[in-house]
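> Quick note: the sequence shown, position 275, residue 274 per numbering that gives the first Met the number 0, numbers continuous. C-beta: ideal position from N, C-alpha, C; glycine also. Mind having a look at this structure? Questions to follow.
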Amino acid sequence: MDGAATRNPGASDATTNRDCHQTEDLASPKSGAAKMSKVRVVLRAGAFVGFSAGILTAYEARRALTPAEGQERLGSRYLARLTDGLLRIFGAELLVQGQHTHEGGALIVANHQSALDIGVMLSLFQGVLLSRHDVADWPLLGRLAKHGDTIFVDREDRRSGAAALREIRRRAKQGRTVVAFPEGGTSPGDSVLEFHPGTFAAVRSLDVPIIPVGIAYSPAIPFEKESFPKHMAKIAARPRTRIAVHLGEPLPPSPDARSAAEAARSRVEGLVANGRRVLDHVPR
Numbered sequence: 000m001d002g003a004a005t006r007n008p009g010a011s012d013a014t015t016n017r018d019c020h021q022t023e024d025l026a027s028p029k030s031g032a033a034k035m036s037k038v039r040v041v042l043r044a045g046a047f048v049g050f051s052a053g054i055l056t057a058y059e060a061r062r063a064l065t066p067a068e069g070q071e072r073l074g075s076r077y078l079a080r081l082t083d084g085l086l087r088i089f090g091a092e093l094l095v096q097g098q099h100t101h102e103g104g105a106l107i108v109a110n111h112q113s114a115l116d117i118g119v120m121l122s123l124f125q126g127v128l129l130s131r132h133d134v135a136d137w138p139l140l141g142r143l144a145k146h147g148d149t150i151f152v153d154r155e156d157r158r159s160g161a162a163a164l165r166e167i168r169r170r171a172k173q174g175r176t177v178v179a180f181p182e183g184g185t186s187p188g189d190s191v192l193e194f195h196p197g198t199f200a201a202v203r204s205l206d207v208p209i210i211p212v213g214i215a216y217s218p219a220i221p222f223e224k225e226s227f228p229k230h231m232a233k234i235a236a237r238p239r240t241r242i243a244v245h246l247g248e249p250l251p252p253s254p255d256a257r258s259a260a261e262a263a264r265s266r267v268e269g270l271v272a273n274g275r276r277v278l279d280h281v282p283r
């Protein structure tokens, strides 16, 4: 028996067990779900890029034939088409309660949880969007937003803020619908942060109703300290995202911007809670 190889049963069994566990992991439901999530991200990203390229090409062709005074509204229409496509491609299901029936200008204010909020609001209202300045740099969406009827604001720059308020007032006087997220950033979950009064000051003394909107998600998709592509990849990995959108009754114009902001925030908070109750009773 001298010189014969010595068998180590423990080592062999450990190797066999490790191989079995690896095989089980690859075949496990969790592993399969992770693979499907990656496939969704790739397919949806590809679909969105292709769809966006088509929308941008069509927009540029129409823009070349449109007089300068009509190009802002043209950009808004195509931006709404782009965001509507984004919602469909990324598996968003809207559950909408209430209607916006007011004719003429209006200020629509909502809570802000996700980048999808922009798509939701523009898809429903096709208005002038008040947006933070860095949205202009977002892939595809930002390019069309710059050509559309979008008001960009850098909230750290007073001059930018003042210019944005003047633009809101000008558009409202023209009878346009202005969409804004007065929290000034995204909030975690269903909580609604304090509304900044500046947006409300812009329509002070104008006969412009303030329409509160509450947005709730299932499952939640917080948009905090991450890039737009990374945030959208998280959404794309899901089979679907349900979004409850509740429109409240118009609030009357108020000469006091701070009081108007507080009243709107309170109403939006209630609408978000209503949306959450609806989502909790929808079969998964």
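According to DSSP, is Arg-165 part of a helix, a strand, or is it coil?
Taking the sequence shown and counting its residues from 1, one reaches residue 165 at position 166. Looking at Arg-165 - three-state DSSP - the assignment turns out to be helix.
> Between which two residues does the alpha helix (DSSP H) containing Gly-75 stretch?
As a working note, residue 75 is residue 76 in the sequence shown. According to the sequence provided, residue 75 is Ser. The question's Gly does not apply to it. Element bounds for Ser-75: 70-88.
> Going along the chain, which unbroken runs of the beta strand (DSSP E) with 3 or more residues stay wholly within the stretch 197-281?
The stretch 197-281 contains these whole beta strand (DSSP E) runs: 209-217, 240-246.
> If Ile-107 sits next to Ile-210, beta carbons under 8 angstroms apart, how far is it from one beta carbon to the other, in whole angstroms?
Here residue 107 corresponds to residue number 108 of the sequence shown, with the count starting at 1. Here residue 210 corresponds to residue number 211 of the sequence shown, with the count starting at 1. Their Cβ separation, rounded to whole angstroms, is 5 angstroms, which keeps Ile-107 and Ile-210 in contact under 8 angstroms.
> Give the straight-line distance between the Cα atoms of Leu-73 and Lys-145, rounded to the nearest whole angstrom.
Position 74 of the sequence shown, counting from 1, holds the residue named residue 73. Position 146 of the sequence shown, counting from 1, holds the residue named residue 145. Near 12 angstroms, if we compare the C-alpha coordinates of Lys-145 and Leu-73.
> Report the three-state DSSP secondary structure of Gln-21 (helix, strand or coil).
Residue mapping note: residue 21 aligns to position 22 of the sequence shown, counting from 1. With a pLDDT of 45 at Gln-21, under the threshold of 50, the predicted position of this residue should be treated as unreliable, and no value is reported.
> Take every Cβ of the stretch 152-169, pair it with every Cβ of the stretch 113-122, and state whether three or more of those distances are shorter than 8 angstroms.
Not touching, per the Cβ criterion.
> Locate the alpha helix (DSSP H) running through Ser-122, then write down its first and last residues.
For the purposes of this step, residue 122 is identified with residue 123 of the sequence shown, where counting begins at 1. Unbroken alpha helix (DSSP H) run through Ser-122: 115-124.
> Please go through the same chain and pick out, in chain order, the residues whose beta-carbon is closer than 8 angstroms to the beta-carbon of His-20, but skip the five residues on each side of it.
Position 21 of the sequence shown, counted from the first residue, corresponds to residue 20. Model confidence at His-20 stands at a pLDDT of 45, short of 50, so the residue's coordinates are unreliable; what they give is reported in the following sentence. Here the set comprises nothing.
> Just checking my contact of Ile-150 with Leu-128 at CB under 8 angstroms: how many whole Å lie between their CB atoms?
For the purposes of this step, residue 150 is identified with residue 151 of the sequence shown, where counting begins at 1. For the purposes of this step, residue 128 is identified with residue 129 of the sequence shown, where counting begins at 1. The Cβ separation is near 7 angstroms, so the contact holds.
> Check each candidate in Pro-282, Arg-266, Leu-270, Ala-236 and name the one with the smallest Cα separation from Val-40.
Taking the sequence shown and counting its residues from 1, the one referred to as residue 40 is at position 41. Of the listed residues, the one whose Cα sits closest to Val-40 is Ala-236.
> Please classify Gln-125 as buried or exposed, where buried requires at least 16 neighbouring CB atoms within 10 angstroms.
Counting from one through the sequence shown, the residue named residue 125 turns up at place 126. Gln-125 should be labelled buried.
> Classify Phe-151 as helix, strand or coil using the three-state DSSP reduction.
Residue mapping note: residue 151 aligns to position 152 of the sequence shown, counting from 1. Of the three classes helix, strand and coil, the one that applies to Phe-151 here is strand, per DSSP.
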